[in-house]
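Line by line, the protein sequences are chains A and B. Using the numbering used here, read the first sequence as starting at 356 and increasing by one per residue. Using the numbering used here, read the second sequence as starting at 32 and increasing by one per residue.
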Amino acid sequence: MIDLKNVRNSFLNATEKGVFSSMRIVLSHSESIGVRQDIGEPPAFADDTGYMITVYEKDGSGYAASSDLSNDGIKNAYQKAKEWALFNNGKSVVPFSGFDRLTPKGSYSSPVKTPWNSTSLSDKANYLKELNLAMKDEFTVDRTASLDYIKRKSIFLTSDGTESVQDYDFIIPFLSLTSVKDGKVQRRSLDSFAVAMQGGLEIFDKVGFNAENGQRLAVEAAELLDAPICPNGNMDLLLDPGQMVLQIHESIGHPLEIDRILGDERNYAGTSFVTKEMVGSFRYGSNLLNISFDPTVEGQFASYLFDDDGNRTQKEYLIENGVLKRALGSDISQYRSKLPGTANSRASNWNRPPVDRMANINLEPDNSTLEKMISKTEKGVFMKTNQSWSIDDSRNKFQFGCEWGQLIENGKLTKLVRKPNYRGISRNFWNNLKMVGNKDTVEVKGVPNCGKAEPNQAIFVGHSSPACLFSDIDIFGGEQ
Amino acid sequence: MKNYFFKITDHISRKINGDEFAHFYLEGEQSDFIRFNQNKIRQNGNVVQYYCTLTLISNNRQASAVITLSNDIEVDLKLFDKALGTLRKTLPKLVEDPYILYSTEVNSTYNIEESELPDTLSIVDEVMQKGRKKDLVGILSSGTIVRAFANSLGQKNWFEKSGFSLDWSIYFEKDKAVKSGYAGYKWKNSELAEKMDQAAKELSIMKKPASTINPGIYRVYLAPAAVDNFMHIMSWGGFGIKSQKTGNSSLLKLVEGTKSFNEKINLTENNLDGSSPLFSDTGFIKPDKIVLVENGNLKESLASPRSAKEFEVAQNGANPWEMPESIELSAGGIAHDNILKTLDSGIYLNNVHYLNYSDRSNCSMTGMSRFACFEIKNGKIIAPINVMRFDVSLFDMLGDNFVGATKKRERMLSTNTYGQRHTESSHLPGIIVDNFKFTL
Chain A
356 MIDLKNVRNS
366 FLNATEKGVF
376 SSMRIVLSHS
386 ESIGVRQDIG
396 EPPAFADDTG
406 YMITVYEKDG
416 SGYAASSDLS
426 NDGIKNAYQK
436 AKEWALFNNG
446 KSVVPFSGFD
456 RLTPKGSYSS
466 PVKTPWNSTS
476 LSDKANYLKE
486 LNLAMKDEFT
496 VDRTASLDYI
506 KRKSIFLTSD
516 GTESVQDYDF
526 IIPFLSLTSV
536 KDGKVQRRSL
546 DSFAVAMQGG
556 LEIFDKVGFN
566 AENGQRLAVE
576 AAELLDAPIC
586 PNGNMDLLLD
596 PGQMVLQIHE
606 SIGHPLEIDR
616 ILGDERNYAG
626 TSFVTKEMVG
636 SFRYGSNLLN
646 ISFDPTVEGQ
656 FASYLFDDDG
666 NRTQKEYLIE
676 NGVLKRALGS
686 DISQYRSKLP
696 GTANSRASNW
706 NRPPVDRMAN
716 INLEPDNSTL
726 EKMISKTEKG
736 VFMKTNQSWS
746 IDDSRNKFQF
756 GCEWGQLIEN
766 GKLTKLVRKP
776 NYRGISRNFW
786 NNLKMVGNKD
796 TVEVKGVPNC
806 GKAEPNQAIF
816 VGHSSPACLF
826 SDIDIFGGEQ
Chain B
32 MKNYFFKITD
42 HISRKINGDE
52 FAHFYLEGEQ
62 SDFIRFNQNK
72 IRQNGNVVQY
82 YCTLTLISNN
92 RQASAVITLS
102 NDIEVDLKLF
112 DKALGTLRKT
122 LPKLVEDPYI
132 LYSTEVNSTY
142 NIEESELPDT
152 LSIVDEVMQK
162 GRKKDLVGIL
172 SSGTIVRAFA
182 NSLGQKNWFE
192 KSGFSLDWSI
202 YFEKDKAVKS
212 GYAGYKWKNS
222 ELAEKMDQAA
232 KELSIMKKPA
242 STINPGIYRV
252 YLAPAAVDNF
262 MHIMSWGGFG
272 IKSQKTGNSS
282 LLKLVEGTKS
292 FNEKINLTEN
302 NLDGSSPLFS
312 DTGFIKPDKI
322 VLVENGNLKE
332 SLASPRSAKE
342 FEVAQNGANP
352 WEMPESIELS
362 AGGIAHDNIL
372 KTLDSGIYLN
382 NVHYLNYSDR
392 SNCSMTGMSR
402 FACFEIKNGK
412 IIAPINVMRF
422 DVSLFDMLGD
432 NFVGATKKRE
442 RMLSTNTYGQ
452 RHTESSHLPG
462 IIVDNFKFTL
């Protein structure tokens, strides 16, 4: 643990009157445990403490990140950040003197009912062993059950003397297996990498991290091994929340990031088909499409009170009844673009500067039951669990594949199909949104590895969605 | 940092009991990062980070702890003492692990490469000067990278390189741009100028009205940067012994012998020629070369120590993910000046984007064209193309559809900065292939 009083004093002593600066301190403790093929993987612990000081000098801004929390260390980091700010002045794409910096005060904590440490490492390892065993059958050749836990404290100090503290408890459960039969290979997982929440061990029930689901995955993999390849053709597509996560993330979340619209990401993650002029009037999807930015959802993976530049968050609608109303950008991006935005300037850790990121980007439910959506489908495929994902640099032309597929014929679910894929163009796809599931079909998901930015950052984001039905989609299967 | 790190490892090693073994792996850097947009600075700053992993092994049990070094030796020694205590308490609670393998041969090495880097501020000024009147976007990463290993038997390895990577593009409009890069250990203004001039020439072609090609089958040229993307995805589980033995490898058909690449395809993990350290995170010294594919057939696999025990093969210094770090594809006979002539009519792909497996067991990948990609007719550039999606199997692309590779190969240093600046590299030619399928 750090002596926060000393750190605060060292930082305030390093600051100068009339020069705004901030210090973002991140303290993390993480634990990783896993069981593969009934054998315990070596547990790994990590303790990571560091900070980033950002100095704003006239029109310039610079940062310095370090883990040296001594008085001299903080003073040196401040000086380095200031040198960069002075160098940057007059060369920056953002004129930083144009707006006031933020002075957040307040605190946030993840909702934890059953703390991670309420059971021993051995108990958790035994539970993973049980889940691992549940996935075993005559066809499985590889089975993994694992848990990642991250306890993170993020403290934001400003040269004005304000302070905010946010305490997070993240848990990332993972279940995956590979089955083989007659040269055919099938993977099945508990929604791949999209099962993650804030909270304690009580999230196991919420996300279905149990032996029953482990066994179900093995059964489904075995069934798929005997299934035909998904047929090709234009037909209806029913997606479960696990795949909707990816669909929302890639074709709504990323294109709405204002820093992409402003061109910051053009060398790496890409640009966006969305332009500034489209915000407020563009028909992104059918009337059924309602998308919110909502870091206030209790226990969702990317919930918080302040972003990493100190902007206080609140729920905002990005798309209402299919029309684009707002984009994803924090105060800096809002100032640059003159667009309405959100509190989403976020960094992956102390050693990376914040940029526009998704937080919880959720698709709001409508009123259709899953049964109704199936009954309204003459010919289509129901797909679950993302397996493959690719989209162009403007976030337009995508191709996604799933682990599990089942045909819908004349309003009924019929045979299973292997290697189901679909492709499309973002705008056309969302305008083909035909039915949206009710709240009973909603699942709350989290993704721990959203990549973006230079230097690169993998960040935690959350998505919740009901099941959704799309019409006239180009669906196809892989090779035998 | 060298003395600092070994002071910690010596301190902990002295505390290791007779039935215990400890090893340490350090990953650190002092980096300047400068992000550009519109030839102005978007973000700039400095990052100093040193992460050390302490692994304790005793009675066939193993656990590890990562500690961020604070630059205060007294503080850090206490953190390591505490971590050692935690690991000692943890091990008896674990069941025996049959797959522990660590190096017991002491092989100490020291590799500090000299570099000639001007200060970062003058590099930034030079970049912005050369980028004048251009819409330049990208990142400059510069500074020292360190990797080090030590164990309680006294082995010590140190790897230190100071270098830079300027990864950039210049834009004409919307998504019409040319991408380039300049990376190394010795900065030369003249080399940057040459690359900027070349990019500007290519950008003039991007100003022509773009052509939208129809989905279908085309003959294509993939420049080394594009080939690098395919190799990167193929390396994701393709060459590792674990993925091959558990049905997860994209090259399973190559393993089983039901498919092969063209006989001209030779792939090597060339550790000696690469830019990564020659020791692994568990202290094994890597072999100079591992031949992965020889004359189109799979030869060797990458085996980490853990997989080596599990699948009863010899370890070969592979990382835990069993991904190549210094992949090399053999050169061919196409002279640089003859690329367009050999391609004749088709599509010239300088860069591709967001590749992923579309059908892993068939080694099929989907992705997009990006940056400077052109339509070619009768050996001449006709127009830039609007972005197109493709979906191809590497068994076809590097098999029956493989036409040839260029004589000249490009050495590319990784621009990956997830968590830290990465040290991987590749050495690849451009290739021409037939029947390349564009889908959307």
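Don't be surprised by glycine CBs; every beta carbon is placed ideally from N, CA and C. Every value quoted in this text rests on a predicted model; they were computed, and no experiment measured them.
Identity of the residue in the options nearest residue i by Cα
i: B:VAL155; options: B:MET265, B:GLU233, B:LEU223; result: B:LEU223
i: A:GLU578; options: A:ILE613, A:SER477, A:VAL540; result: A:VAL540
i: A:SER465; options: A:PRO528, A:GLU557, A:GLY677; result: A:GLU557
i: B:CYS404; options: B:GLY59, B:LYS165, B:PHE52, B:THR243; result: B:THR243
i: B:LYS210; options: B:LYS217, B:LEU234, B:ASN387, B:PHE342; result: B:LEU234
i: A:SER641; options: A:TYR482, A:SER781, A:VAL797, A:LYS430; result: A:SER781
i: B:TYR35; options: B:ASP50, B:LYS164, B:ILE236, B:SER101; result: B:SER101
i: B:LYS438; options: B:PRO255, B:GLN80, B:LEU132; result: B:PRO255
i: B:PHE195; options: B:MET443, B:HIS458, B:LYS284, B:ILE463; result: B:MET443
i: A:LEU725; options: A:SER820, A:ARG542, A:THR513; result: A:SER820
i: B:GLU353; options: B:SER392, B:LYS317, B:ASP375, B:ASN387; result: B:LYS317
i: A:TYR504; options: A:GLU575, A:VAL467, A:ILE729; result: A:VAL467
i: B:ILE176; options: B:GLN74, B:VAL79, B:GLU343; result: B:VAL79
i: B:VAL418; options: B:LEU329, B:ARG401, B:MET262; result: B:ARG401
i: B:ALA214; options: B:ASN447, B:ALA94, B:ASN279; result: B:ASN447
i: A:ASN751; options: A:GLY779, A:ASP522, A:GLY766; result: A:GLY779
i: A:ALA401; options: B:LYS71, B:THR84, B:LYS284, B:ASN260; result: B:THR84
For residue i, the three-state DSSP class (helix, strand or coil)
i: B:GLN80; result: strand
i: B:LEU386; result: strand
i: A:GLU758; result: strand
i: B:MET443; result: strand
i: A:GLY731; result: Going by the sequence as given, residue 731 of chain A is Lys instead of Gly. Correct three-state label for A:LYS731: coil.
i: B:VAL258; result: helix
i: A:GLN812; result: strand
i: A:SER820; result: strand
i: A:TYR837; result: Outside the shown range of chain A, which is 356 to 835, sits residue 837 of chain A, and nothing can be said about it.
i: B:PRO123; result: helix
i: B:ILE413; result: strand
i: B:PHE37; result: helix
i: A:GLU371; result: coil
Assigned exposure category for residue i - 16 Cβ within 10 Å defines buried
i: A:PRO720; result: buried
i: B:ASN432; result: buried
i: A:SER703; result: buried
i: A:ASN706; result: buried
i: B:LYS1; result: Nothing about residue 1 of chain B can be read from this structure; chain B reaches only from 32 to 471.
i: A:SER447; result: buried
i: A:PHE454; result: exposed
i: B:GLN7; result: Only positions 32 to 471 of chain B appear in this structure, which leaves residue 7 of chain B out of reach.
i: A:ALA420; result: buried
i: A:PRO621; result: Just to set this straight, residue 621 of chain A is Arg in the shown sequence, not Pro. Flag for A:ARG621 reads buried.
i: B:GLU225; result: exposed
i: A:PRO610; result: buried
Closer than 9 Å, Cβ to any Cβ of chain B: which residues of the stretch 393-406 of chain A, in chain order?
-> Taking 9 Å as the Cβ-Cβ cut-off against chain B, the residues of the stretch 393-406 of chain A that qualify are ILE394, GLY395, GLU396, PRO397, PRO398, ALA399, PHE400, ALA401, ASP402, ASP403, THR404, GLY405.
Relative to chain B, which residues along the stretch 730-753 of chain A have a C-beta separation below 7 Å, given in chain order?
-> Within the stretch 730-753 of chain A, the qualifying residues are SER743, TRP744, SER745, ILE746, ASP747, ASP748, SER749, LYS752.
Anything in the stretch 416-434 of chain B with a Cβ closer than 9 Å to a Cβ of chain A? List those residues in chain order, please.
-> Cβ contacts with chain A: VAL418, MET419, ARG420, ASP422, SER424.
Whole runs of the beta strand (DSSP E) within the stretch 666-725 of chain A, excluding any shorter than 3 residues | Here the runs fully enclosed are 671-675, 716-718.
Chain-ordered residues of the stretch 195-207 of chain B with a beta carbon less than 7 Å from chain A = Answer set for the stretch 195-207 of chain B: ASP198, TRP199, SER200, TYR202, ASP206.
Residues from the stretch 437-449 of chain A in contact with chain B, defined by Cβ distance under 8 Å | Correct list: TRP439, PHE442, ASN443, LYS446, SER447, VAL448, VAL449.
What are the residues of the stretch 608-623 of chain A that lie near chain B, defined by any Cβ-Cβ distance shorter than 8 Å?
-> Those would be LEU617, GLY618, ASP619, ARG621, ASN622, TYR623, in chain order.
Listed in chain order, which residues of the stretch 775-798 of chain A have Cβ atoms closer than 7 Å to some Cβ of chain B?
-> Taking a C-beta cut-off of 7 Å against chain B, the contacting residues of the stretch 775-798 of chain A are ASN776, ARG778, listed in chain order.
Starting from the N-terminal side, write out each stretch of the alpha helix (DSSP H) that is 4 residues or longer and does not extend beyond the stretch 451-502 of chain A.
-> If we require 4 residues or more, the alpha helix (DSSP H) runs fully inside the stretch 451-502 of chain A come out as 476-489.
Which runs of the alpha helix (DSSP H) fall wholly inside the stretch 589-655 of chain A and span at least 4 residues, in chain order?
-> Entirely contained in the stretch 589-655 of chain A, the alpha helix (DSSP H) runs reaching 4 residues are, in chain order, 596-603, 613-616.
Contiguous alpha helix (DSSP H) assignments of at least 4 residues, all confined to the stretch 272-355 of chain B = List check, alpha helix (DSSP H) in window: 272-276, 283-287, 336-342.
Taking a Cβ distance cut-off of 7 Å, strictly less, list which residues of the stretch 455-473 of chain A are near chain B, in chain order.
-> Within the stretch 455-473 of chain A, no residue has a Cβ that lies closer than 7 Å to any Cβ of chain B.
Continuous beta strand (DSSP E) assignments of at least 3 residues falling wholly in the stretch 535-593 of chain A | Within the stretch 535-593 of chain A, the complete beta strand (DSSP E) runs of at least 3 residues are 539-544.
Where the stretch 365-389 of chain B meets chain A: residues whose CB sits under 9 Å from a CB there = For the stretch 365-389 of chain B, residues whose beta-carbon sits nearer than 9 Å to a beta-carbon of chain A comprise HIS384, TYR385, LEU386, ASN387, TYR388, SER389.
Can you give me, in chain order, the residues of the stretch 135-165 of chain B that have a beta carbon less than 8 Å from any beta carbon in chain A?
-> Those residues of the stretch 135-165 of chain B that come within reach of chain A (Cβ to Cβ, closer than 8 Å) are LEU152, VAL155, MET159.
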